[in-house]
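For reference, the structure discussed in these notes is given below.
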Amino acid sequence: MKLVVLGSSSSGNCYVLDAGNEALILEAGIRLNEVKKVLGFNIRKVVGCLITHQHGDHAKYIKGMIDLGIPTLALPEVWTAKDVWGSRSVAIQPGRGYKLGNFRVLPFTAFHDVPCVGYMINHPQCGNIMFLTDSYVCEYKFRNLNHVMIECNYADSALYKAISEGRTLPSQRDRLLTSHMELETCKEYLKSSDLSQVHNIVLLHLSKDNGDELLFVSEIEKATGKVVYAGKRGLTVDLDLM
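The numbering of the sequence shown is the numbering used here, which starts it at 39 and goes up by one.
Structural data, given as structure tokens:
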């Protein structure tokens with residue numbers, strides 16, 4: 039299983055889980071031509087697309103997914119906000135399982151400023167993946183994790199510096215506190231989780247102005263003892279079970 043990051047920022051989010059003969063797309067915030075290139079223009083092997091919430095950097099191209107005939111899972115609020123409905127539009131319920139090819143998917147409630155979910159994803163090639171972005175906290179602990187994709191958006195110290203230098207508005211901090219995950223929150227969540235079977239951790243949605251990629255990777259590596267990647271555009275990670 040190969041993870042390819044096409045985008046992981048406020049400019050656009052999209053990830054591809056490519057198992058060779060089938061693929062799963064996470065988020066629809068990147069132009070579909072770029073997604074097609076990563077797939078070698080073999081759209082027929084895409085078994086589905088998962089959307090976390092309605093914001094444009096995650097769901098801007100959701101209609102394109104439906105037009106391509108790709109089964110797409112999203113909360114009812116997403117379909118209403120985007121006014122896109124079709125035979126491939128699946129209105130999900132947190133806690134209910136779904137199957138897309140050999141991928142088994144379980145959405146769980148995330149905590150953003152609009153209705154949002156994370157996903158537990160299982161596939162025979164990679165085992166269990168936790169995927170959580172745009173959530174300021176996670177209230178769930180999962181067993182038998184093999185890979186973790188989790189938001190680590192900002193650090194309070196970097197945010198205060200950006201505000202003092204005029205690069206970030208003071209009001210932005212109030213929003214971030216209840217919409218995106220801070221470094222220490224991410225670190226403490228991972229430290230309190232069972233990571234005994236985890237092969238690697240991918241940090242998502244790092245803020246350009248309010249974060250520090252090298253610091254975040256170093257801090258999470260020290261806290262967990264795991265291989266950690268910054269989930270930036272162009273990153274490819276082998277997620278096969280070892």
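Quick reminder that beta carbons are idealized off the backbone N, C-alpha and C, glycines included.
Check the Cβ-Cβ distances between residue 119 and every residue of chain B, and say whether any is below 7 Å.
Structure shown: chain B not included; a single protein chain is present.
Integer-rounded CB distance, given that residue 100 should sit under 8 Å from residue 110:
Within the sequence shown, the letter at position 72 stands for residue 110. Within the sequence shown, the letter at position 62 stands for residue 100. Confirmed, about 6 Å.
For a test of the three-state rule: what should DSSP assign to residue 165, helix, strand or coil?
Numbered from its first residue, the sequence shown carries residue 165 at position 127. Strand at residue 165.
Which residue wins for smallest C-alpha separation from residue 88, given the options 119, 128 and 73?
Counting from 1 along the sequence shown, the entry for residue 88 is found at position 50. Among 119, 128 and 73, the Cα nearest to that of residue 88 is on 128.
State the start and end residues of the unbroken alpha helix (DSSP H) segment that holds residue 121.
Within the sequence shown, numbered from 1, the residue matching residue 121 stands at position 83. First-last for residue 121: undefined, no H or E at that position.
Please name the residue in 229, 198, 235 and 192 whose C-alpha comes closest to that of residue 216.
By one-based count along the sequence shown, residue 216 stands at place 178. For the residues 229, 198, 235 and 192, the minimum Cα distance to residue 216 belongs to 192.
Residues bridged to residue 185 (per DSSP):
Reading the sequence shown from its first residue, position 147 is the one you call residue 185. 167 and 238.
Looking only at its own chain, which residues have a Cβ that is under 8 Å from the Cβ of residue 208, when we skip the five neighbours before and after it?
Counting from 1 along the sequence shown, the entry for residue 208 is found at position 170. Taken in chain order, the residues that qualify are 201.
Under 7 Å between the Cβ atoms of residue 283 and residue 236?
No statement about residue 283 is possible, as the shown extent of the chain runs from 39 to 280 and does not include it.
Where residue 166 and residue 256 are concerned, what is the direct C-alpha to C-alpha distance, given to the nearest angstrom?
Locating residue 166 in the sequence shown gives position 128, counting from the first residue. Locating residue 256 in the sequence shown gives position 218, counting from the first residue. Each residue's alpha carbon lies about 24 Å from the other.
Measure the C-alpha to C-alpha separation of residue 37 and residue 262 and round it to an integer number of angstroms.
Here the chain has residues from 39 to 280 only, and residue 37 is not among them.
Where residue 245 sits in the DSSP three-state scheme:
In the sequence shown, residue 245 corresponds to position 207, counting from 1. Residue 245 falls in the coil class under three-state DSSP.
Check whether the Cβ atoms of residue 206 and residue 248 lie closer than 7 Å to each other.
Position 168 of the sequence shown holds residue 206. Position 210 of the sequence shown holds residue 248. Their beta carbons are under 7 Å apart, which means residue 206 touches residue 248 by this criterion.
Euclidean distance between Cα positions of residue 39 and residue 103
On the sequence shown, residue 39 is found 1 positions in, with the first residue counted as 1. On the sequence shown, residue 103 is found 65 positions in, with the first residue counted as 1. C-alpha separation (whole angstroms): 22 Å.
Can you tell me which residues form a DSSP beta bridge with residue 254?
What you label residue 254 is simply residue 216 of the sequence shown in a count that begins at 1. Under DSSP, residue 254 forms no beta bridge with any residue.
Please say whether residue 95 and residue 51 have beta carbons closer to each other than 7 Å?
Counting from one through the sequence shown, the residue named residue 51 turns up at place 13. Counting from one through the sequence shown, the residue named residue 95 turns up at place 57. In this structure, residue 51 lies near residue 95, with their beta-carbon atoms less than 7 Å apart.
Quick check on DSSP: helix, strand or coil for residue 47?
Position 9 of the sequence shown, counted from the first residue, corresponds to residue 47. It is a strand residue.
Mapping the DSSP letters down to three states, classify residue 262 as helix, strand or coil.
Numbered from its first residue, the sequence shown carries residue 262 at position 224. Three-state result, residue 262: helix.
Can you give the Cα-Cα distance for residue 48 and residue 140, rounded to whole angstroms?
Start at 1 with the first residue of the sequence shown, and residue 48 comes out as number 10. Start at 1 with the first residue of the sequence shown, and residue 140 comes out as number 102. The straight-line gap from Cα to Cα measures roughly 30 Å.
Inter-residue spacing [alpha-carbon to alpha-carbon] between residue 97 and residue 55:
Counting from one through the sequence shown, the residue named residue 97 turns up at place 59. Counting from one through the sequence shown, the residue named residue 55 turns up at place 17. Their backbone Cα atoms lie some 17 Å apart in a straight line.
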